[in-house]
Amino acid sequence: MKYALIDYTLHLADTTLILAQRNAEWCGHGPILEQDIAITNITLDLLGQSRNFYQYAASLIGHNASEDSLAYLRKEREFKNLLLVEQPNKDWGQTTLRQFLFSQFHFFLLEQLQKGNDTQLAAIAEKSIKETTYHVRWSSEWVIRLGDGTEESHQRMENAIEELWRYTDEMFTPVEYENESSVDFKELKTKWLNNVKKVFAEATLTIPENEFMQTGGKSGVHTEHLGYILSDLQYLQRTFPGATW
Amino acid sequence: MPVQNPEQIFQQKIEDELKIEPKDWMPDAYRKTNLRQISQHAHSEVVGMLPEGNWITRAPSLKRKAILIAKVQDEAGHGLYLYSAAETLGQSRDEMIADLHTGKAKYSSIFNYPSLTWADMGAIGWLVDGAAIINQVMLTRTSYGPYARAMVRICKEESFHQRQGFEILLVLSQGTDEQKAMCQDAINRWWWPSLMMFGPHDSESTHSEQSMQWKIKRKSNDELRQQFVDMIAEQIKVLGMKLPDKDLKWNAEKKHYDFGKINWDEFWNVVRGNGPCNKQRLDARRKAHENGQWVREAAIAYAEKRNEKNKSKVA
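Taken in sequence, the protein lines are chains A and B.
Residues in the first sequence are numbered from 0 upward in steps of one, following numbering that gives the first Met the number 0.
Residues in the second sequence are numbered from 0 upward in steps of one, following numbering that gives the first Met the number 0.
The structure is reproduced here in structure tokens:
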């Protein structure tokens, strides 16, 4: 039971950290200053959430584990983040779509965790859901604006869907450590799909049909991108083992 | 009562320490000088995001990462206030940005140096932000109202930036031998460029005299530089590091630190565009702008469609 809870908490921590790390690549390079600030806000929120999850996981693990030992000293095959969040930023369309697909899911997940039987996760969820409400709104607005903007922006959004849709079903496909959790994946998927359909309709975007779905991230089998993300993330801790920063 | 001409009213306000506001009459040169200075300051905030942004994905702990991201984000916010303050003088943000991208407008040369190690995040916060604060505290009393008010907000955040920079270095200075060496190396590389941030000596400075008369500036370049040297020469003792200047020495008579000669050839060379990162910094800004073009166009197109729909609803 405890092992499953540790793995599940690490999955939540890794997912929010890797998405923060990806979004952080935009800082200083956004399409307009106001949006540079907006995506950086989301980055900070996600990073804050990941730290809460890592700290909780560390307390469950004991043995001097810390948020940093878990984020900086685990290897590619140990990371349990969703494949979706490690996908490259590519352009503003792909970045905002990735945020949208994730935040819509994350919101409903946090809603369930808030009512779940683990009081720590419930407390973190309660704090995170306020931030996530804003992430959902911000990213939905961008998906609509770009989908229903110009011909070029519409095409770019269609391309982004083509790129990312295949990673969405992983969110609703439980792995072993999730079997004991109280998350209702069916309900999650129904609610998520419902909202995605609404936003896509307003954005004049189409939901792909019969796409083959990729999974594996939650069990540590990633796309080739993750290794590079970790090379950056963990560089200093790996180069100077044991140093304090 | 004698009728005063606008120039006299303007001059009287300056003498009475009243702020000049956007709708007030002002000499053309006063407007131009402020516009040049404020937009240059705004560009510096935005270009200044790049050397620190360079270490966000590699920050050595989650806490350091969060602090660094928040700091770089603050700079974007400062850029926004300053562009708004500059816009009150009659140039749009788009025009200012275009001037930056063509090289017509300048930004602080300090950002044309590379951030090579994590210790640079400390040195930039401590030295570069430290030098900026000295200048900016003076500017909270500058005569142009919107600029002075922007500076009050900015100064509050900048002092947090300087403290976090110092704290990064403090931890390194108490760390392993490699960390100590990294700390000293960053100080060595950033010290002289930081001194250059205050601009040429008073005797060489082209804009200074008029700016002092108009109370845009209230202290000379050399006065501000001396204030900075005196501050840093004391603070470095806490770090147990050395400033790379063999002539640095307390002068009991002047009650100031004496310091060595600045390499002005290097300064002018970087101003002319030949610093180690001039090209990369401008390229990065241009690229962000160009890559954002379709996004901005789509946002406008969508807003127009929205307006049309709302109009037809009302009709």
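Quick reminder that beta carbons are idealized off the backbone N, C-alpha and C, glycines included.
Notebook entry, point to check: Roughly how many angstroms lie between the CA atoms of B:R57 and B:G174, to the nearest whole one?
Noted result: A straight-line Cα-Cα distance of about 19 Å links B:R57 and B:G174.
Next item on the list: Tell me, to the nearest whole angstrom, how far the beta carbon of A:Y248 is from that of A:I128; I am working on the premise that it is less than 8 Å.
Entry: With chain A covering only 0 through 244, there is no way to say anything about residue 248 of chain A.
Item checked: At least three beta-carbon pairs within less than 8 Å, the segment 120 to 131 of chain B to the segment 157 to 176 of chain B -> The way I'd put it, the segment 120 to 131 of chain B does touch the segment 157 to 176 of chain B; three or more beta-carbon pairs between them come closer than 8 Å.
Item checked: Pair within 9 Å by beta-carbon distance, A:V174 and A:S139 -> Taking 9 Å as the Cβ cut-off, A:V174 and A:S139 do not qualify as a contacting pair.
Note to self: Looking at the strands, I want to know which residues DSSP matches up with B:K315.
What the structure shows: As shown, chain B starts at 0 and ends at 314. That puts residue 315 of chain B outside it, with no answer to give.
Next item on the list: Inspect the CB distances between the segment 190 to 209 of chain A and the segment 40 to 57 of chain A and report whether three or more fall short of 8 Å.
Entry: Cβ pair count under 8 Å is below three, so no.
Next item on the list: Spell out the partners DSSP gives B:K248 in its beta bridges.
Entry: Residue pairing of B:K248 in beta bridges, as defined by DSSP: B:D257.
Check: Does the segment 145 to 157 of chain B come close enough to the segment 75 to 83 of chain B that 3 or more CB-CB pairs lie under 8 Å?
Finding: Taking 8 Å as the limit for Cβ pairs, the verdict is that the segment 145 to 157 of chain B does touch the segment 75 to 83 of chain B.
Note to self: Nearest by alpha-carbon distance to B:A232: which of B:N250, B:E265 and B:L49 is it?
What the structure shows: Of the candidates B:N250, B:E265 and B:L49, the one whose C-alpha sits nearest the C-alpha of B:A232 is B:N250.
Notebook entry, point to check: For the alpha helix (DSSP H) that contains B:R57, what are its first and last residues?
Noted result: Run containing B:R57: none; DSSP gives neither H nor E here.
Checklist line | Cα-Cα separation between A:A12 and A:W164, rounded to whole angstroms | finding: If I take the Cα positions, the gap works out to 22 Å.
Next item on the list: Assign B:Y106 to one of three DSSP states: helix, strand, or coil.
Entry: Secondary structure at B:Y106: coil, using DSSP grouped into helix, strand and coil.
Notebook entry, point to check: Roughly how many angstroms separate the alpha carbons of A:K197 and B:N306, rounded to a whole number?
Noted result: Taking the straight line joining both Cα atoms gives about 21 Å.
Notebook entry, point to check: Between which two residues does the alpha helix (DSSP H) harbouring B:H40 extend?
Noted result: Start and end: D27 to V46.
Next item on the list: May I have the straight-line CA-CA distance separating B:G259 from B:A131, to the nearest angstrom?
Entry: Near 21 Å, if we compare the C-alpha coordinates of B:A131 and B:G259.
Next item on the list: Measure the alpha-carbon distance for B:A65 versus B:H100 and round it to whole angstroms.
Entry: Approximately 30 Å, taken between the alpha carbons.
Check: Does B:I68 have its Cβ less than 9 Å from a Cβ in chain A?
Finding: Closer than 9 Å: yes.
Next item on the list: Using 10 angstroms around the beta-carbon of A:P30, count the other beta-carbons present and answer buried if the total reaches 16, otherwise exposed.
Entry: Its Cβ being crowded by 16 or more others within 10 Å, A:P30 is buried.
Check: What did DSSP end up calling B:Y143 once you bin it into helix, strand or coil?
Finding: The answer is strand: DSSP assigns B:Y143 an E or B state.
Next item on the list: Along the alpha helix (DSSP H) that carries B:K12, what are the first and last residues, could you check?
Entry: Start and end: P5 to E14.
Check: Going by beta carbon distance, what residues of the same chain come within less than 6 Å of B:D244, once the five residues before and after it are set aside?
Finding: Correct list, in chain order: F258 and G259.
Next item on the list: Output the distance between the C-alpha atoms of A:L235 and A:G216, rounded to the nearest integer angstrom.
Entry: Each residue's alpha carbon lies about 25 Å from the other.
Note to self: Would you say A:G27 lies against chain B (beta-carbon separation less than 9 Å)?
What the structure shows: Yes, because at least one Cβ of chain B sits closer than 9 Å to the Cβ of A:G27.
Checklist line | For A:K74, the nearest candidate out of A:S230, A:T243, A:G241 and A:P240 (CA to CA) | finding: Out of A:S230, A:T243, A:G241 and A:P240, A:S230 has the C-alpha closest to the C-alpha of A:K74.
Next item on the list: In angstroms with no decimal places, state the Cα-to-Cα distance between B:S219 and B:L247.
Entry: Their backbone Cα atoms lie some 21 Å apart in a straight line.
Item checked: Residue environment, B:K253, which counts as buried when at least 16 other CB atoms sit within 10 Å -> Exposure of B:K253 is indicated by the presence of fewer than 16 other C-beta atoms within 10 angstroms of its C-beta.
Notebook entry, point to check: So, A:L187 versus A:F107, is the Cβ gap smaller than 9 Å?
Noted result: The answer is yes: Cβ separation under 9 Å.
Check: Can you tell me the Cα-Cα spacing of A:L83 and B:R284, whole angstroms?
Finding: Roughly 28 Å separates the two Cα atoms.
Notebook entry, point to check: Using a Cβ cut-off of 7 Å, which residues of the segment 46 to 75 of chain B contact any Cβ in chain A, in chain order?
Noted result: Look at the segment 46 to 75 of chain B: the residues with a C-beta under 7 Å from a C-beta of chain A are M48, L49, G52, I55, T56, R57, P59, S60, L61, R63, K64, A65, I68, A69, V71, Q72 and A75.
Check: Quick one: is B:L171 near chain A, going by C-beta distance under 9 Å?
Finding: It does: the Cβ of B:L171 has a partner Cβ on chain A nearer than 9 Å.
Checklist line | Cβ of A:D13 within 9 Å of any chain B Cβ | finding: Closer than 9 Å: no.
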